[in-house]
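Going line by line, the protein sequences match chains L and C.
Note that the first sequence covers residues 2 to 446 in the numbering used here.
Note that the second sequence covers residues 2 to 446 in the numbering used here.
All residues carry an ideal CB built from backbone N, CA and C; glycine is no exception.
Owing to the predicted nature of the structure, the values given are computational and were not obtained by experimental measurement.
See structure below.
There are 2 protein chains.
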Amino acid sequence: MSATAELVEYVVKSRLSDIPSDVRHEAKRALVNIVGCALGGAREPAVDIAIASLGRFAGPPTARVLGRAERYDPLFAALLNGVSSHVHDFDDTTPSNYIHASSPVASALFAYASENKVSGPDFLHAFILGFEVISRIGAATYPAHYAAGWHSTGSIGVFGAGVAIGRLLGLQTEAMTHAVSLSATQSAGLREMFGSMGKAFHPGRSAQSGYMAALLAQNGFTGGKFPLESPRGFAAVQAGTYDLARITDRLGETFELRFNAYKPFPCGIVVHPTIDAAIQLREAHGFVADDVEKVELRVAHLVKDLCNKKVISTGLEGKFSIYHAAALGLGRGQANIPDFTDEAANDPAMRRLRDLTEAVGDDSVSDDAVVITVWLKDGRKVGMKLDQSLGNLERPLSDAQLEAKFRAQSGVIAPAQADAAIAACWGIEEMADLSTLIDHCVPKG
Amino acid sequence: MSATAELVEYVVKSRLSDIPSDVRHEAKRALVNIVGCALGGAREPAVDIAIASLGRFAGPPTARVLGRAERYDPLFAALLNGVSSHVHDFDDTTPSNYIHASSPVASALFAYASENKVSGPDFLHAFILGFEVISRIGAATYPAHYAAGWHSTGSIGVFGAGVAIGRLLGLQTEAMTHAVSLSATQSAGLREMFGSMGKAFHPGRSAQSGYMAALLAQNGFTGGKFPLESPRGFAAVQAGTYDLARITDRLGETFELRFNAYKPFPCGIVVHPTIDAAIQLREAHGFVADDVEKVELRVAHLVKDLCNKKVISTGLEGKFSIYHAAALGLGRGQANIPDFTDEAANDPAMRRLRDLTEAVGDDSVSDDAVVITVWLKDGRKVGMKLDQSLGNLERPLSDAQLEAKFRAQSGVIAPAQADAAIAACWGIEEMADLSTLIDHCVPKG
Numbered sequence: 002m003s004a005t006a007e008l009v010e011y012v013v014k015s016r017l018s019d020i021p022s023d024v025r026h027e028a029k030r031a032l033v034n035i036v037g038c039a040l041g042g043a044r045e046p047a048v049d050i051a052i053a054s055l056g057r058f059a060g061p062p063t064a065r066v067l068g069r070a071e072r073y074d075p076l077f078a079a080l081l082n083g084v085s086s087h088v089h090d091f092d093d094t095t096p097s098n099y100i101h102a103s104s105p106v107a108s109a110l111f112a113y114a115s116e117n118k119v120s121g122p123d124f125l126h127a128f129i130l131g132f133e134v135i136s137r138i139g140a141a142t143y144p145a146h147y148a149a150g151w152h153s154t155g156s157i158g159v160f161g162a163g164v165a166i167g168r169l170l171g172l173q174t175e176a177m178t179h180a181v182s183l184s185a186t187q188s189a190g191l192r193e194m195f196g197s198m199g200k201a202f203h204p205g206r207s208a209q210s211g212y213m214a215a216l217l218a219q220n221g222f223t224g225g226k227f228p229l230e231s232p233r234g235f236a237a238v239q240a241g242t243y244d245l246a247r248i249t250d251r252l253g254e255t256f257e258l259r260f261n262a263y264k265p266f267p268c269g270i271v272v273h274p275t276i277d278a279a280i281q282l283r284e285a286h287g288f289v290a291d292d293v294e295k296v297e298l299r300v301a302h303l304v305k306d307l308c309n310k311k312v313i314s315t316g317l318e319g320k321f322s323i324y325h326a327a328a329l330g331l332g333r334g335q336a337n338i339p340d341f342t343d344e345a346a347n348d349p350a351m352r353r354l355r356d357l358t359e360a361v362g363d364d365s366v367s368d369d370a371v372v373i374t375v376w377l378k379d380g381r382k383v384g385m386k387l388d389q390s391l392g393n394l395e396r397p398l399s400d401a402q403l404e405a406k407f408r409a410q411s412g413v414i415a416p417a418q419a420d421a422a423i424a425a426c427w428g429i430e431e432m433a434d435l436s437t438l439i440d441h442c443v444p445k446g
Numbered sequence: 002m003s004a005t006a007e008l009v010e011y012v013v014k015s016r017l018s019d020i021p022s023d024v025r026h027e028a029k030r031a032l033v034n035i036v037g038c039a040l041g042g043a044r045e046p047a048v049d050i051a052i053a054s055l056g057r058f059a060g061p062p063t064a065r066v067l068g069r070a071e072r073y074d075p076l077f078a079a080l081l082n083g084v085s086s087h088v089h090d091f092d093d094t095t096p097s098n099y100i101h102a103s104s105p106v107a108s109a110l111f112a113y114a115s116e117n118k119v120s121g122p123d124f125l126h127a128f129i130l131g132f133e134v135i136s137r138i139g140a141a142t143y144p145a146h147y148a149a150g151w152h153s154t155g156s157i158g159v160f161g162a163g164v165a166i167g168r169l170l171g172l173q174t175e176a177m178t179h180a181v182s183l184s185a186t187q188s189a190g191l192r193e194m195f196g197s198m199g200k201a202f203h204p205g206r207s208a209q210s211g212y213m214a215a216l217l218a219q220n221g222f223t224g225g226k227f228p229l230e231s232p233r234g235f236a237a238v239q240a241g242t243y244d245l246a247r248i249t250d251r252l253g254e255t256f257e258l259r260f261n262a263y264k265p266f267p268c269g270i271v272v273h274p275t276i277d278a279a280i281q282l283r284e285a286h287g288f289v290a291d292d293v294e295k296v297e298l299r300v301a302h303l304v305k306d307l308c309n310k311k312v313i314s315t316g317l318e319g320k321f322s323i324y325h326a327a328a329l330g331l332g333r334g335q336a337n338i339p340d341f342t343d344e345a346a347n348d349p350a351m352r353r354l355r356d357l358t359e360a361v362g363d364d365s366v367s368d369d370a371v372v373i374t375v376w377l378k379d380g381r382k383v384g385m386k387l388d389q390s391l392g393n394l395e396r397p398l399s400d401a402q403l404e405a406k407f408r409a410q411s412g413v414i415a416p417a418q419a420d421a422a423i424a425a426c427w428g429i430e431e432m433a434d435l436s437t438l439i440d441h442c443v444p445k446g
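This is the structure we're talking about:
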């Protein structure tokens with residue numbers, strides 16, 4: 002059996018009752034997190050511009066958009082959900098391959114479920130399947146695919162949206178295979194977009210593309226039969242080296258949601274250790290921005306490669322600047338959404354700290370670590386090594402911390418709605434119709 | 002200046018009057034050809050299924066679709082034009098890189114011009130620019146990009162649609178750069194789709210994606226600044242080797258439309274020599290299907306790699322089967338649209354001829370040649386070498402042959418409309434509003 006065939010078989014035949022309760026709980030944590038992020042990003046310029054540019058071409062307004070009052074067709078709603086939930090780079094990440102899997106899957110599913118009646122269990126199940134498919138294709142093609150320059154949240158996210166919507170549409174083997182194939186042939190998204198709105202466009206477009214793939218496949222639109230494994234298929238074309246066995250190995254027995262991480266800081270996950278360590282140093286030694294004379298960061302080469310933007314002028318660039326990360330931790334002692342605005346990027350104190358920071362790629366430092374050394378004007382030299390930042394797998398955010406993160410981002414809805422939305426996520430397995438949750442996530446009046 | 006910057010500068014500043022008249026005439030030939038192909042494919046299942054699947058999500062019906070009575074929003078119309086104009090694989094090809102550049106560009110432009118007033122000269126100019134951009138990016142990344150498994154009609158076509166629509170929107174340097182960038186990050190389309198409807202989906206989706214990129218960029222949606230040349234940009238990510246100088250070398254002086262070819266047969270261009278030679282052999286030696294005992298084809302390795310489907314069951318597969326190509330030429334003496342239906346693929350006489358044909362990859366045979374040897378049951382052994390098939394650059398279809406090809410595909414409109422549409426293409430430089438041409442290409446009543 003081909004990898005595609007085995008994966009399709011699993012997606013078509015899986016039952017929610019076969020999925021362990023800890024995985025189902027992790028899926029709910031992922032939903033609390035991603036819905037909060039969608040609310041937090043719903044009024045960002047990237048979303049407003051997408052609406053200004055494309056809203057007049059949207060179809061009948063049968064679907065809702067998380068965090069917005071407007072209604073659009075579900076394909077456009079899927080795109081908007083994807084942009085809003087990723088624009089702050091605050092959504093979840095699987096540290097083993099840096100994919101933000103929830104955004105493309107949930108963005109499509111929420112759009113679908115706002116037009117069609119979907120039960121909570123069916124929604125949760127489709128979400129878990131979509132997440133699993135993305136994570137496994139990601140594992141099979143990491144690091145080659147990502148290292149080549151693909152933003153896998155888009156280029157692999159499309160598969161998750163395709164199978165999740167396909168599952169809700171009830172696609173059987175042949176149609177589900179074509180849904181995977183038509184997802185594969187829309188796989189796109191370049192890391193060159195990092196630091197621009199294009200990055201958040203990726204999960205949005207992949208949510209929309211996967212959704213389209215499933216709709217087309219449902220009606221008999223055909224793709225190739227071996228989209229993952231053929232010589233001209235996804236893996237061979239988009240990853241220099243890959244291991245297809247990782248797509249199907251222990252499928253249905255192990256679950257990638259167990260290895261999902263939730264961010265405490267709204268920026269690239271690889272700069273989290275730097276922020277965390279910088280905040281700790283500042284607190285331990287009681288200095289402020291002006292006291293700093295020089296900073297050295299030793300980080301993995303991958304981290305430097307991803308986040309080597311020293312001269313920045315926008316908040317979006319700041320999310321991928323190891324220098325801005327250090328500046329925020331050392332100079333402000335925090336890194337929240339307001340610390341990644343254009344204003345924060347152009348704050349002279351932040352600029353000075355970025356300028357005096359040197360980042361060094363170091364083979365001995367792992368991707369989730371940092372060695373930071375700070376020279377202070379008073380002659381002190383302080384430093385530390387940090388191995389796993391807050392939010393990473395060894396120091397995960399608690400359910401309560403996820404709820405607090407949700408509330409902090411939910412200004413577009415009333416506080417009572419936020420409470421109800423959080424409760425609805427935890428209670429999704431008892432929900433008859435997902436519109437109950439969606440109602441809470443849309444501004445009233 | 003970066004390749005992106007130079008290309009953008011050219012697209013923004015180009016004037017139609019600077020484009021030589023032979024290039025403008027070639028653009029009109031390309032339009033006659035692509036409009037005919039769109040009409041010929043407008044009632045194909047791939048188009049019907051796309052409408053059945055996605056039509057209800059289309060926005061306000063302000064745009065028209067070539068060859069169909071329905072109206073949709075222009076983004077969906079662009080997708081449909083792309084599918085219809087490529088589904089028979091009868092559209093134009095640049096033999097130097099196998100891109101079908103007209104489909105993604107014209108598909109987007111016709112959709113745009115059916116919603117917005119566009120003069121004939123502006124339309125022609127935008128078409129020439131889109132074609133040029135695709136061809137130059139194609140030249141810069143060929144053969145690595147195509148050989149890797151990308152269907153460049155989709156993966157590079159998106160750039161042409163983006164800049165052509167961007168030009169009509171009047172985008173200036175910064176916005177046009179983002180249009181190129183947001184096109185790049187939607188670059189997609191795998192050769193694994195060959196032989197399925199997914200292949201025709203590519204120019205459709207790329208027309209739509211490029212159109213979207215231009216609309217987003219117009220309103221300030223940002224992408225990376227160096228989408229073509231950065232280490233994580235299109236060329237580095239999607240081509241193992243490339244030569245960016247070919248994007249800008251003698252830009253505005255040489256024109257790729259001069260090297261565009263129009264197909265006499267509705268199938269992959271690389272099997273054209275086989276069809277042409279097989280028809281010639283049959284005519285020269287007076288045999289029929291049943292007389293053939295054995296066939297050997299010696300073709301370039303690329304040709305065999307692309308078209309090595311011996312066992313086929315659908316017409317779409319037949320378009321990429323060197324065996325079906327030989328069978329049609331030898332057994333039917335023709336290769337027209339009805340010869341690439343599912344029925345033709347399953348014709349026992351064709352199956353017998355495919356089964357007794359052997360294809361051999363041969364380094365000494367060029368991509369546009371074939372050496373065919375046929376053993377007949379009566380003991381005769383006949384053969385020939387053919388170097389350039391009809392329709393290739395050395396034996397181009399004449400204007401009259403292009404008109405005949407148009408008429409043969411235009412059954413969805415009245416013969417008088419076909420005549421008027423052809424005349425409108427030739428007279429496009431004198432047309433005040435492109436809707437004149439579009440009116441002729443839509444079924445009446």
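- prompt: Name the chain L residues whose beta carbon is nearer than 9 angstroms to that of residue 74/C?
  reply: 57, 58, 59 and 60
- prompt: Given that residue 216/L touches chain C, what residues does it touch there, using C-beta distances under 7 angstroms?
  reply: 54 and 55
message: I want to see whether chain C comes within less than 8 angstroms of residue 111/L, judged by CB atoms only; does it?
response: no
3 or more residues per run - each beta strand (DSSP E) lying fully within the region 13 to 44 of chain C: none
Where residue 351/C falls: helix, strand or coil (DSSP): helix
Residue 322/L - partner residues in DSSP beta bridges: 309/L
- prompt: Are three or more beta carbon pairs between the region 206 to 218 of chain C and the region 237 to 249 of chain C nearer than 8 angstroms?
  reply: no
- prompt: Using the C-alpha atoms, what's the distance from residue 85/L back to residue 524/L?
  reply: Because residue 524/L is not part of the residues shown, which for chain L are 2 to 446, the question remains open.
For residue 298/L, the three-state DSSP class (helix, strand or coil): strand
field: Contained alpha helix (DSSP H) runs [length at least 4] in the region 79 to 149 of chain C, N- to C-terminal order
entry: 103 to 116, 121 to 142 and 145 to 149
task: Pick helix, strand or coil for residue 212/L, following the three-state DSSP scheme.
output: helix
query: So is residue 382/L buried or exposed if we call it buried at 16+ other beta carbons inside 10 Å?
result: exposed
task: Under 8 angstroms Cβ to Cβ from residue 314/L, same chain only, skipping five residues before and after it: list those, please.
output: 343, 346 and 347
- prompt: Shorter than 8 angstroms from the beta carbon of residue 197/L to some beta carbon of chain C?
  reply: yes
- request: Pick helix, strand or coil for residue 68/L, following the three-state DSSP scheme.
  value: coil
Contact set between residue 50/L and chain C, taken where Cβ atoms lie within less than 7 angstroms: 217, 220, 221 and 222
- prompt: So who's on the other strand from residue 359/L, going by DSSP bridges?
  reply: 297/L
- prompt: So with Cβ pairs under 8 angstroms, would you call residue 459/L a contact of chain C?
  reply: Missing from the structure shown is residue 459/L; chain L here goes from 2 to 446 and no further.
task: Mind the definition here: the region 395 to 412 of chain C touches the region 253 to 264 of chain C only if three or more C-beta pairs lie below 8 angstroms; say whether that holds.
output: yes
task: Assign residue 185/C to one of three DSSP states: helix, strand, or coil.
output: helix
- prompt: Exposed or buried, which one is residue 358/L when buried takes at least 16 other CB atoms within 10 Å?
  reply: buried
field: Beta carbon proximity, residue 191/L to chain C, threshold 8 angstroms
entry: yes
message: If you measure between the beta carbons of residue 214/L and residue 187/L, is that distance less than 8 angstroms?
response: yes
- request: Take residue 398/L and list the residues in its own chain whose beta-carbon comes closer than 6 angstroms to its own, dropping the five residues that flank it on each side.
  value: 263 and 392
task: Mind listing the chain L neighbours of residue 136/C? Cutoff is C-beta to C-beta under 9 angstroms, in chain order.
output: Result: empty, since nearest Cβ-Cβ is about 21 angstroms, beyond 9 angstroms.
message: Beta carbons nearer than 9 angstroms to chain C: which residues of the region 169 to 187 of chain L have them?
response: 179, 182, 183, 185, 186 and 187
message: Please list the terminal residues of the continuous alpha helix (DSSP H) segment that includes residue 169/L.
response: 158 to 170
query: With a cut-off of 8 angstroms, does the C-beta of residue 161/C fall near any C-beta of chain L?
result: no
- request: Please name the residues in the region 142 to 161 of chain C whose beta-carbon is closer than 7 angstroms to at least one beta-carbon of chain L, in chain order.
  value: 149, 150 and 151
query: Which stretch, first to last residue, makes up the beta strand (DSSP E) that contains residue 382/C?
result: 382 to 387
message: Determine, for residue 231/C, whether the minimum Cβ-Cβ distance to residues of chain L falls below 8 angstroms.
response: yes
query: Going along chain L, which residues have a C-beta under 9 angstroms from residue 21/C?
result: Neighbours of residue 21/C on chain L: none; closest Cβ ~35 angstroms, over 9 angstroms.
- prompt: Of the residues that make up the region 398 to 428 of chain C, which ones have a beta carbon closer than 7 angstroms to any beta carbon in chain L?
  reply: none
Residue 437/L, enclosing alpha helix (DSSP H) - first and last residue: 436 to 441
- request: Starting from residue 206/C, find everything on chain L with Cβ-Cβ shorter than 7 angstroms and list it in chain order.
  value: 187
task: Tell me, to the nearest whole angstrom, how far the beta carbon of residue 71/C is from that of residue 52/C; I am working on the premise that it is less than 8 angstroms.
output: 7 angstroms
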